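K.L.:
In case it helps, the UniProt record's numbering puts the sequence shown at residues 1 to 456. For reference, the structure I am asking about is given below.
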Amino acid sequence: MAGWASNGSACHSPTTFLSKQYSHVYHPSPDINMSALQVISISHQTATLEWRQALQLSKEEAAAFMQALKEEQLVKGIMVLTTCNRTEVYYETGHATPNMIQEKLLRFKNIEDTAAFAPRFTQYSHSESTLQYLLEVGLGLRSQVIGDRQIISQFKESYKLTNYLKMGSPLLHQALQTLFRTHKRVHNETDFRAGAASVGYAALERLGDFYPRKDFSSKRMLIIGTGQMGTDIARYATSFGFTDITLTNRTDAKAAKLATELNVRHLSYQHYLQTLHAFDVVVSCVGGGKQLQPEQFGSAKAKRVLLDLSVPQGIAPATGQLANTMLVNIDQINSRTQEVLATRQAAIAEVEEILLEETVLFAEWLQDLPVAKAINELKSFFAEVLSSELQKHQDLDQPNAANVIAKAALDRLVRRPAGALRATAGTDRQQLLTAIQKLFHATSLEEITHASFKQD
Numbered sequence: 001m002a003g004w005a006s007n008g009s010a011c012h013s014p015t016t017f018l019s020k021q022y023s024h025v026y027h028p029s030p031d032i033n034m035s036a037l038q039v040i041s042i043s044h045q046t047a048t049l050e051w052r053q054a055l056q057l058s059k060e061e062a063a064a065f066m067q068a069l070k071e072e073q074l075v076k077g078i079m080v081l082t083t084c085n086r087t088e089v090y091y092e093t094g095h096a097t098p099n100m101i102q103e104k105l106l107r108f109k110n111i112e113d114t115a116a117f118a119p120r121f122t123q124y125s126h127s128e129s130t131l132q133y134l135l136e137v138g139l140g141l142r143s144q145v146i147g148d149r150q151i152i153s154q155f156k157e158s159y160k161l162t163n164y165l166k167m168g169s170p171l172l173h174q175a176l177q178t179l180f181r182t183h184k185r186v187h188n189e190t191d192f193r194a195g196a197a198s199v200g201y202a203a204l205e206r207l208g209d210f211y212p213r214k215d216f217s218s219k220r221m222l223i224i225g226t227g228q229m230g231t232d233i234a235r236y237a238t239s240f241g242f243t244d245i246t247l248t249n250r251t252d253a254k255a256a257k258l259a260t261e262l263n264v265r266h267l268s269y270q271h272y273l274q275t276l277h278a279f280d281v282v283v284s285c286v287g288g289g290k291q292l293q294p295e296q297f298g299s300a301k302a303k304r305v306l307l308d309l310s311v312p313q314g315i316a317p318a319t320g321q322l323a324n325t326m327l328v329n330i331d332q333i334n335s336r337t338q339e340v341l342a343t344r345q346a347a348i349a350e351v352e353e354i355l356l357e358e359t360v361l362f363a364e365w366l367q368d369l370p371v372a373k374a375i376n377e378l379k380s381f382f383a384e385v386l387s388s389e390l391q392k393h394q395d396l397d398q399p400n401a402a403n404v405i406a407k408a409a410l411d412r413l414v415r416r417p418a419g420a421l422r423a424t425a426g427t428d429r430q431q432l433l434t435a436i437q438k439l440f441h442a443t444s445l446e447e448i449t450h451a452s453f454k455q456d
């Protein structure tokens, strides 16, 4: 299959993406031994369709690739996003590099000339810059159609697979939650998500002017032509609620393959003219042939909508004069999409502000992560010591049990920091003493020890 979550709306439109960077707010993590969130990507910004197709992954392939990296202990968590416009691998790692993961992906797809692909990849190796990139992609700022509405659903589907395979991780989870929260903010606080900017998506939204959306499931749809436009319409139609969809194409094998992939019907091209009258919605996505004439559609007792997205026109304008027949052409759709694109372009500055705020919050969370980890380890150590001492002294008489267990536990708890202090000297010792004084509000290690053993 061409891609398990095809980013169809962006496949036929002029390239538009955000180039502004926020590098001034990002800094590599100071502890190189900590995990980092990284990404490798090949997309429409760096590679033509031919190169991208070579690296598209089906859902099954994505799962197999993720499991392979996990088994090799190259990643702690991983998510693969694959559409017709991009294949991206987001992952948390403690030691792998983007080049290593990139090489693994190319080998997985049996690509021998890896050097030819190398310049077509984008890589980010630091958590903060990876998060920035993820947000730009997930919000549609890097889509061919600015503000693409499908990409966020594709992120959710990809992350659903990650969770199903139990391949999540703290950094990956936080990054995705940041994306979903940011997307909601952009939707609620700006006009960036308003309307449909792709022709295919806008055409389907136009149907809502003629039928209540709740009735879409009962309408029979015929899509003539399974090129990029027809494929996009077919993919979107199911998400709009259409369930009775038929595809036809001059090359029958192409329509049949897509119909199988989408679990819809296929109709032989040489026979579709005889059945035009049976459909409630007819979408023409094929140009260059003879125009469909009014008499070929016949009369309609119920409302019928014809979407002519062909250039030149595939349906004769006079067809719109038939009773109960509404004809919408591509110019009418394009006028709407241009308005939407202008609105989205005007909202980019607001989106940038929200993105910046969220990336700063992520950076702050990232700085607090070592502290949270240290506290959890400390709590686990304390709990382990207490549990061990309780088991050792479980036969003690009740009056003395609490004192004996408390002293034994505290002796063990103090032993480790006391040993560290004795093993250091000079500046290192002073730094440890200062840290202890701040943490325990004590003036000396002796005070900590004496206070610990003091009994009421």
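Glycine included, every Cβ here is placed at the ideal spot set by N, Cα and C. Values in this document were obtained by computation on a predicted structure and should not be read as measured data.
Use the C-beta contact count for ASN99: other C-beta atoms within 10 angstroms, 16 or more gives buried, fewer gives exposed.
P.N.:
Taking the sequence shown and counting its residues from 1, the one referred to as residue 99 is at position 99. So ASN99 ends up on the exposed side.
K.L.:
Starting from residue 508 and walking both ways along the alpha helix (DSSP H), at which residues does that stretch end?
P.N.:
No answer is possible for residue 508: it lies beyond the span of the chain, which begins at 1 and ends at 456.
K.L.:
So with Cβ pairs under 7 Å, would you call GLN177 a contact of chain B?
P.N.:
The question asks about chain B, but that chain is absent: this structure has only one protein chain.
K.L.:
Can you check whether the CB of THR122 is closer than 7 Å to the CB of THR246?
P.N.:
The sequence position of residue 246 within the sequence shown is 246, counting from 1. The sequence position of residue 122 within the sequence shown is 122, counting from 1. No, these two residues do not count as a Cβ contact at 7 Å.
K.L.:
With DSSP run on the structure shown, which of helix, strand or coil describes GLN21?
P.N.:
Reading the sequence shown from its first residue, position 21 is the one you call residue 21. Because the pLDDT of GLN21 is 44, which lies under 50, any placement of that residue in the model is unreliable, and the number read from its coordinates should be weighed accordingly. Of the three classes helix, strand and coil, the one that applies to GLN21 here is coil, per DSSP.
K.L.:
Identify, in the order they occur along the chain, each residue of the same chain with its Cβ nearer than 8 Å to the Cβ of ASN334, setting aside the five sequence neighbours on each side.
P.N.:
In the sequence shown, residue 334 corresponds to position 334, counting from 1. If we look at ASN334 and ignore the five residues flanking it on each side, its Cβ neighbours are VAL199.
K.L.:
If you measure between the beta carbons of SER310 and VAL286, is that distance less than 7 Å?
P.N.:
For this step, residue 310 is matched to residue 310 along the sequence shown. For this step, residue 286 is matched to residue 286 along the sequence shown. In this structure, VAL286 lies closer than 7 Å to SER310 by Cβ.
K.L.:
Determine the extent of the beta strand (DSSP E) in which TYR201 is found, giving its start and end residues.
P.N.:
Residue 201 sits at position 201 when you count from the first residue of the sequence shown. Element bounds for TYR201: not the beta strand (DSSP E) but the alpha helix (DSSP H), 199 to 206.
K.L.:
Check for me: the beta strand (DSSP E) holding LEU38 runs from which residue to which?
P.N.:
As a position in the sequence shown, residue 38 is number 38, starting the count at 1. What sits at residue 38 in the sequence shown is Gln, not Leu. That run of the beta strand (DSSP E) goes 36 to 43.
K.L.:
According to DSSP, which residues form a beta bridge with ILE224?
P.N.:
Walking along the sequence shown from the start, residue 224 turns up at place 224. THR248 and SER284.
K.L.:
Check the C-beta distance from LEU74 over to ALA96 and give it rounded, since I have them as a contact under 8 Å.
P.N.:
Position 74 of the sequence shown, counted from the start, is the residue given in the question as residue 74. Position 96 of the sequence shown, counted from the start, is the residue given in the question as residue 96. Indeed they touch by this definition, with Cβ atoms about 4 Å apart.
K.L.:
Going by DSSP, what residue range makes up the alpha helix (DSSP H) through LEU135?
P.N.:
As a position in the sequence shown, residue 135 is number 135, starting the count at 1. Per DSSP, LEU135 belongs to the alpha helix (DSSP H) from 127 to 138.
K.L.:
Using 8 Å for Cβ pairs, my map puts ILE78 next to THR190. What's the rounded Cβ distance?
P.N.:
Taking the sequence shown and counting its residues from 1, one reaches residue 78 at position 78. Taking the sequence shown and counting its residues from 1, one reaches residue 190 at position 190. The pair is not a contact, with the Cβ atoms about 31 Å apart (cut-off 8 Å).
K.L.:
For LEU410, does the three-state DSSP call read helix, strand or coil?
P.N.:
Mapped onto the sequence shown, residue 410 falls at position 410. The answer is helix: DSSP assigns LEU410 an H, G or I state.
K.L.:
Quick check on LYS166: buried or exposed, where buried means 16 or more other Cβ atoms within 10 Å of its Cβ?
P.N.:
Here residue 166 corresponds to residue number 166 of the sequence shown, with the count starting at 1. With fewer than 16 other Cβ atoms within 10 Å, it is exposed.
K.L.:
Taking only the alpha-carbon atoms, compute the straight-line gap between GLN150 and PRO317 and give it to the nearest angstrom.
P.N.:
Walking along the sequence shown from the start, residue 150 turns up at place 150. Walking along the sequence shown from the start, residue 317 turns up at place 317. So the alpha carbons of these two residues sit roughly 32 Å apart.
K.L.:
Can you list, in chain order, the residues of its chain whose CB lies under 7 Å from that of LEU341, leaving out five sequence neighbours each side?
P.N.:
Within the sequence shown, numbered from 1, the residue matching residue 341 stands at position 341. Only ILE146 and ALA197 meet the Cβ criterion.
K.L.:
How would you write the range of the alpha helix (DSSP H) that MET326 sits in, first residue to last?
P.N.:
The residue labelled residue 326 in the question sits at position 326 within the sequence shown. It is not in any alpha helix (DSSP H) - MET326 instead sits in the beta strand (DSSP E) that spans 325 to 329.
K.L.:
Closest to ALA408 by C-alpha separation, out of VAL385, SER268, ARG429 and PRO417, would be which residue?
P.N.:
Translated into positions along the sequence shown, residue 408 becomes position 408. Ranking VAL385, SER268, ARG429 and PRO417 by Cα distance to ALA408 puts VAL385 first.
K.L.:
Which of the three DSSP states, helix, strand or coil, is assigned to LEU141?
P.N.:
Taking the sequence shown and counting its residues from 1, one reaches residue 141 at position 141. Note: LEU141 maps to coil in three-state DSSP.
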